[in-house]
Ligand code: MN
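Residue numbers (our numbering): 15 to 439.
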C-alpha cells in the first residue's frame, strides 16, 4: 500500500513543553506521548521513537512478533536511561505504532494513545486504552461517558520505560484501498469527541489538512494537553480519477504549515542531539507518497459548499421579506463569534461574521485587552474570518485560550524552549 501522511503536533494551551513525539518513516508510523516531570517525558517519548526508527527496518507487517520486539527494545532503552539518571527516574511513554503492508496493517500499542480506522464513513478504535478508567469501564464500574470526564482519565496502567519488560498489544487489520488511519495522543481524544473526529476525517480529503483541523479542534476545546495527530491515507496505487495538474492544493497546504515549527527548532542546543525527537516536517510530508516510486497526489474533491450557499440564499430571501429582518436579528442574537474590531483589538461579537446581502449582522459585545498583532500568526487567519462560538461563555473561553496562546508564544520568543526536535525528512 502507498501511504500518504499528514502530521501535526502542538504543545496545546496549557503545557509548558511538548512531550509528544512522532515518527513518519513509511511504512512505519509512530506516536509516543511521554510522561514524567521536567522534560523527562520528552526524553522518554523521543527515545522510543529513536530506537524504533533505528531498528524499524526489521519490523514487518506480516510478523506481529517483530513489532513486539521493537517495542521491547524501546522499553529497555528508556528503562536503562531512567535507571542511570536520577532526574529521569520514573519517566515513561505511551507508544502506538503501525507498519502498513500490502494487505495488513500491523499495530503495536502500549498506553493511551490511540489508533483509529475510518472506512466507509465509520470510525472505529483499533487499540484499547491501558488506563485505570478503561479498566473500570470493562469491569462495569463506570460508563464510557463517565470515563471521558473522569478526573483520573489520564492515569495509564501500562507505559514504556517503567519496568524492565512491558506487555505489548499487537492488533492487526486487513487493509483496503481508501482506508484512512488515525494515530493520535490523548491530547486529541480527551478534548474532541469521537463523532467530531469522524466528521472531520470524513469531510477533509487532504491528510495534512485533516491533521491540522483535528489539532485546531483540540486547541479550540481548551488544548489541555500536547496534541499529536497522524492521518494516513492508504492507497493501493490504482488511480481512479485522472490527476488534475491545475490543482493548487499542494501549494496551499504549504501555506497552512504550523508556525509552531519555529518554536520547535529554535531551541535546539548542543547537547540536544542525543535526545532528539525524530519528527518529520509537516510541510514536507504533505502530499508525499512513501512506499512506492509512483508519485501521485490524491485528487481533491471539490469542497461541498452548496448547503452553505443554499442557507445564505434562504437567509437573503428572509431578510428581503421586510419585517422578517427582525426575526433574523433575534435568531442571530444567540450566535457569537470572536473577531477583530476596527482598532485592531480582539473582540467578542454577537451575530455572525459573514455579511448577507451586504448586511452586517453583528454587534460588538465586548472588546478584549488582547491586540490582534499579539495573537500568534497561525491563529490570525481564523480570527480574521471570525471564530464562531455556541454561547457567550464559549466565546470567552476562546478569548482566554487566545490570551494564553499569545503569552506562551511571547515566553517562547524570550526564552526559547529546548524542545530538542530535529527534522527527519
Ligand atoms: Mn498526553
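Backbone N, C-alpha and C define an ideal beta-carbon position, used for all residues, glycine too.
Since this is a predicted model, take the numbers as computed values, not measurements.
query, result
"Using a C-beta cutoff of 7 Å, does residue 168 count as contacting chain E?", "Note that chain E does not occur in the displayed structure, where there is just one protein chain."
"Using CA coordinates, which residue listed in 175, 424, 352 and 227 is at the minimum distance from residue 50?", "175"
"Would you mind sorting residue 200 into buried or exposed? The rule is 16 or more other CB atoms within 10 Å of its CB.", "buried"
"Just how far apart, CA to CA, sit residue 128 and residue 102?", "25 Å"
"Could you tell me which uninterrupted alpha helix (DSSP H) segments, each at least 4 residues in length, are contained entirely in the stretch 196-227, listed from first to last along the chain?", "200-203 and 208-217"
"Rounding to the nearest angstrom, what Cα-Cα distance links residue 361 and residue 136 in this structure?", "38 Å"
"Specify, as a first and last residue, the run of the alpha helix (DSSP H) that residue 30 falls within.", "No alpha helix (DSSP H) holds residue 30; DSSP gives it neither H nor E."
"Across which residues does DSSP place residue 188 in a beta bridge pair?", "118"
"Do residue 17 and residue 246 count as a contact pair if the criterion is CB distance below 7 Å?", "yes"
"Cα separation between residue 218 and residue 224?", "5 Å"
"Nearest by alpha-carbon distance to residue 96: which of 178, 73, 140 and 19 is it?", "178"
"Report buried or exposed for residue 139, applying the criterion of at least 16 other Cβ atoms within 10 angstroms of its Cβ.", "exposed"
"Apart from the five residues just before and just after residue 423, which ones in its own chain have a Cβ nearer than 6 Å to its Cβ?", "390"
"Looking at the ligand MN, does it come within less than 6 Å of residue 201, judged from the CB to the closest heavy atom?", "yes"
"For residue 119, which of 197, 374 and 207 has the nearest alpha-carbon?", "197"
"Under 6 Å from any heavy atom of the ligand MN, does the C-beta of residue 239 make it?", "yes"
"Report buried or exposed for residue 181, applying the criterion of at least 16 other Cβ atoms within 10 angstroms of its Cβ.", "exposed"
"List the whole-angstrom C-beta distance separating residue 348 from residue 29, where the pair is believed to meet the contact cut-off of C-beta under 8 Å.", "Contact doesn't hold; Cβ gap of about 34 Å is too wide."
"Below 8 Å on the Cβ atoms is my contact criterion, and I expect residue 116 with residue 145 to pass it. Report the Cβ-Cβ distance as a whole number of Å.", "Residue 116 to residue 145, Cβ: 33 Å. No contact."
"Whole angstroms are fine: how far does the CA of residue 131 sit from the CA of residue 58?", "27 Å"
"Quick check on the DSSP output: the alpha helix (DSSP H) that includes residue 170 runs from which residue to which?", "From DSSP, residue 170 is part of no alpha helix (DSSP H); its letter is neither H nor E."
"In or out: residue 234 buried (at least 16 other Cβ within 10 Å) or exposed?", "buried"
"Whole angstroms is fine: what's the gap from residue 27's alpha carbon to residue 203's?", "15 Å"
"Please classify residue 58: does DSSP put it in a helix, a strand, or coil?", "helix"
"Alpha carbon to alpha carbon, how far is residue 392 from residue 403? Give it in angstroms, no decimals.", "19 Å"
"State buried or exposed for residue 414, treating a residue as buried only when at least 16 other CB atoms are found within 10 Å of its CB.", "exposed"
"Which same chain residues end up closer than 6 Å to residue 75 when comparing Cβ atoms and leaving out the 5 residues on each side of it in sequence?", "113, 115, 118 and 120"
"Can you tell me the Cα-Cα spacing of residue 187 and residue 222, whole angstroms?", "23 Å"
"Which term fits residue 357, buried or exposed, when burial requires 16 or more other beta carbons within 10 angstroms of its beta carbon?", "exposed"
"For residue 98, count the other beta carbons within 10 Å of its own beta carbon; 16 or more makes it buried, fewer makes it exposed. Which is it?", "exposed"
"Consult DSSP for residue 306 and reduce its assignment to one of helix, strand or coil.", "Confidence is the limiting factor: at residue 306 the pLDDT is only 29, short of 50, which leaves the residue's position unreliable, though a coordinate-based value still follows. Residue state, collapsed to three classes: coil."
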